[in-house]
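Following: one structure in structure tokens, then a few remarks.
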Amino acid sequence: MSMTGNEWKPKIVAFCCNWCSYAGADLAGSGRLSYPAEVKIIRVPCSCRVNPLFILKAFERGADGVILCGCHPGDCHYTSGNYYARRRMTLLFSMLDYLGIERGRTRVEWVSAAEGEKFSRTMNEFVKTVTELGENRKLGDLRCKR
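All the letters of the sequence shown, read from the start, carry residue numbers 0 to 145 under numbering that gives the first Met the number 0.
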């Protein structure tokens, strides 16, 4: 659990595609647009390369929220990768619902390389949502806690 004083801060994992979302995060940084330090970005070649098991593993390892960011549909560097990602995430959402994981803990967002402001806004909104939900206790592995 991340604590500074008495204030709990969520751990957020963001899977970002190399061609659009990661570049959008870079643009947000170079444009001095802020997003919370609790967001840890994992750069992936394409959003379709994110196996749903990666998201489950992130929750198991202590993540309180996981967001997948990719290119807008129709603009994927690999032609149709984000369509595959969207289908996989839809199935994962229904499985997480079945497991009792709150819907606000996962999110899919399409962010282009030119949308640094959208990247910043999305991360701020997502962290706010996860903070309101509180700590992830459903899938967390107690062995991973310090």
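Glycine included, every Cβ here is placed at the ideal spot set by N, Cα and C.
The structure presented is a predicted model; accordingly, all values stated were derived computationally and were not measured.
Is it buried or exposed for residue i, if we count other Cβ within 10 angstroms and need 16 for buried?
i: Lys-127; result: exposed
i: Met-94; result: exposed
i: Ala-113; result: exposed
i: Glu-131; result: exposed
i: Ala-52; result: Looking at the sequence shown, residue 52 is not Ala but Leu. By the neighbour-count rule (16 or more Cβ atoms within 10 Å), Leu-52 is not buried but exposed.
i: Asp-63; result: buried
i: Pro-9; result: buried
Return the chain-ordered list of same chain residues with a C-beta closer than 6 Å to the C-beta of residue i, the five sequence neighbours on each side being excluded.
i: Ala-147; result: The chain is shown from 0 up to 145; residue 147 falls before or after that span and cannot be answered.
i: Val-38; result: Ile-11, Ala-13, Met-122
i: Leu-138; result: Phe-58, Glu-59
Does DSSP classify residue i as helix, strand or coil?
i: Arg-106; result: strand
i: Arg-42; result: strand
i: Lys-8; result: strand
Only counting the same chain, and skipping five residues up and downstream in sequence, which positions put a Cβ closer than 7 Å to that of residue i?
i: Ser-119; result: Ala-27, Leu-32, Ser-33, Tyr-34
i: Met-88; result: Leu-67, Val-107
Which first and last residues belong to the alpha helix (DSSP H) in which residue i is found?
i: Gly-64; result: From DSSP, Gly-64 is part of no alpha helix (DSSP H) but of the beta strand (DSSP E) over 64–69.
i: Gly-80; result: 80–98
i: Pro-35; result: Where Pro-35 is concerned, there is no enclosing alpha helix (DSSP H), given that its DSSP letter is neither H nor E.
i: Gly-30; result: Counting along the chain, Gly-30 falls outside any alpha helix (DSSP H), and DSSP gives it neither H nor E.
What whole-angstrom Cβ distance do residue i and residue j have, given they're in contact under 8 Å?
i: Glu-108; j: Cys-68; result: 5 Å
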